[in-house]
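Trainee: Just so you know, we're using this note's numbering here: the sequence shown kicks off at 693 and counts up by one. Below is one structure. I have some questions about it.
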Amino acid sequence: MRQFDHQMPHPARMYDYMLGGKDNFAVDRQAIDQLAELIPEAVPLARANRAFLQRAVRYVARAGVDQFLDLGSGLPTQGSAHEVAPEARVVYVDHDPVVAAHAAGLLRHAPSRARVVQADLLQPEDVLARAGEFLDLDRPIAVLLVSILHFLPDSADPERAVAVLRERLAPGGFLVVSHVTTMARLEDDERDGRPRRGRSSGGGTDRTPARIRAFFGGWPLEPPGLVQATDWRPDRPKLVGDWSLPASLMAGVAKKVH
693 MRQFDHQMPH
703 PARMYDYMLG
713 GKDNFAVDRQ
723 AIDQLAELIP
733 EAVPLARANR
743 AFLQRAVRYV
753 ARAGVDQFLD
763 LGSGLPTQGS
773 AHEVAPEARV
783 VYVDHDPVVA
793 AHAAGLLRHA
803 PSRARVVQAD
813 LLQPEDVLAR
823 AGEFLDLDRP
833 IAVLLVSILH
843 FLPDSADPER
853 AVAVLRERLA
863 PGGFLVVSHV
873 TTMARLEDDE
883 RDGRPRRGRS
893 SGGGTDRTPA
903 RIRAFFGGWP
913 LEPPGLVQAT
923 DWRPDRPKLV
933 GDWSLPASLM
943 AGVAKKVH
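Printed below as a string of structure tokens:
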């Protein structure tokens, strides 16, 4: 198995550390500690994102879906899909060969329930062909696109890739999405409702809520719709003093009816 370079921080290990995991090195912890000083919301944002994934997986599993395709998954640690839905079959997909190799090692004790595929979600036909070796594509599958689409610029045409996934999913399948949008983007939509192209920055591409909603095609969104990730079917009411994320993380779940 290929190894991470323990002298250089890696995003997958850094994310694991933000979630409270142990699959990281000192260099990753140091990088996140420095990041948190500059961007205090970074760690709460990561944890809000993982909490949404967990709630969405539980919701979909209760709806009877027992297959998950997690795209851009990173390391399957700290409450990933196969841990939240232990009776389900899960395929994790990451384009980074080192991440995929490490992830496969982490899943060596669950070979009958979870697999790792090294593939690029921008090549959905290849992703589905390889996932189909473990999942039954003729039955409902929940596709998880959690905090990954905003790392893809408009020039990569992520809309096409997601459209292929929607088309290929069997009726009864679900699409689960979380995506960053800045407050300026929210205000854009509120002003006149017209979708705009994503705005790129060093951290990715933020899109308006209308653009994020478009990833679901015409599928009906499950209640409460496209909302702040912390507001999507929360486990408890918000409390006074709960962290408010200035860079908004929108989240939604939609079901393929026909």
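From the three backbone atoms N, C-alpha and C, an ideal C-beta is built for every residue, glycine too. Predicted model, so just to flag it, every value in this text is computed and none were measured.
Please identify the residue among V838, L761 and P789 whose C-alpha is closest to the C-alpha of R807.
Mentor: By one-based count along the sequence shown, residue 807 stands at place 115. Among V838, L761 and P789, the Cα nearest to that of R807 is on L761.
Trainee: Looking only at its own chain, which residues have a Cβ that is under 7 Å from the Cβ of P887, when we skip the five neighbours before and after it?
Mentor: Your numbering for residue 887 matches position 195 in the sequence shown. Because the pLDDT at P887 is just 48, under 50, the model does not fix this residue reliably, and the value given afterwards should be weighed accordingly. Within the same chain, P887 has close Cβ partners T900, A902, R903 and A906.
Trainee: Going by DSSP, which residues form a beta bridge with D762?
Mentor: Taking the first residue of the sequence shown as 1, we reach residue 762 at position 70. Looking at the DSSP assignment, D762 forms a beta bridge with Y784 and L836.
Trainee: Going straight from the alpha carbon of R750 to that of V835, what length do you get?
Mentor: Along the sequence shown, read from residue 1 onward, the residue named residue 750 stands at position 58. Along the sequence shown, read from residue 1 onward, the residue named residue 835 stands at position 143. Cα-Cα distance, rounded: 14 Å.
Trainee: Which runs of the beta strand (DSSP E) spanning at least 3 residues fall entirely within the region 805-862, listed in chain order?
Mentor: With a minimum length of 3 residues, the continuous beta strand (DSSP E) runs that stay inside the region 805-862 are 806-810 and 834-838.
Trainee: Output the residue ranges of the alpha helix (DSSP H) runs that lie fully inside the region 694-722 and measure 4 residues or longer, sorted by chain position.
Mentor: For the region 694-722, whole alpha helix (DSSP H) runs of length 4 or above, ordered along the chain, are 703-710.
Trainee: Relative to the C-alpha of M706, which candidate in A755, V782, A780 and V791 has its C-alpha closest?
Mentor: Against the sequence shown, residue 706 aligns to sequence position 14. The option with the nearest alpha carbon to M706 is V791.
Trainee: So, under 8 Å CB-CB, A862 and P832 are touching, yes? Tell me the CB distance rounded to an integer number of Å.
Mentor: Walking along the sequence shown from the start, residue 862 turns up at place 170. Walking along the sequence shown from the start, residue 832 turns up at place 140. At roughly 5 Å, the Cβ-Cβ gap stays under 8 Å, so A862 and P832 are in contact.
Trainee: Does DSSP put L767 in a helix, in a strand, or in coil?
Mentor: Against the sequence shown, residue 767 aligns to sequence position 75. Note: L767 maps to coil in three-state DSSP.
Trainee: Per DSSP, A943 is paired with what?
Mentor: Reading the sequence shown from its first residue, position 251 is the one you call residue 943. A943 pairs with S870 and V919.
Trainee: Rounding to the nearest angstrom, what Cα-Cα distance links E825 and R800 in this structure?
Mentor: One-based indexing of the sequence shown puts residue 825 at position 133. One-based indexing of the sequence shown puts residue 800 at position 108. The alpha-carbon atoms of E825 and R800 are separated by roughly 18 Å.
Trainee: Thinking just about the alpha-carbon of each residue, which of E775, V785, E779 and H950 is nearest to the one in V838?
Mentor: Against the sequence shown, residue 838 aligns to sequence position 146. The option with the nearest alpha carbon to V838 is V785.
Trainee: Taking the alpha-carbon of R822 as reference, which of Q810, L814 and D830 has the nearest alpha-carbon?
Mentor: Start at 1 with the first residue of the sequence shown, and residue 822 comes out as number 130. Nearest C-alpha to R822: Q810.
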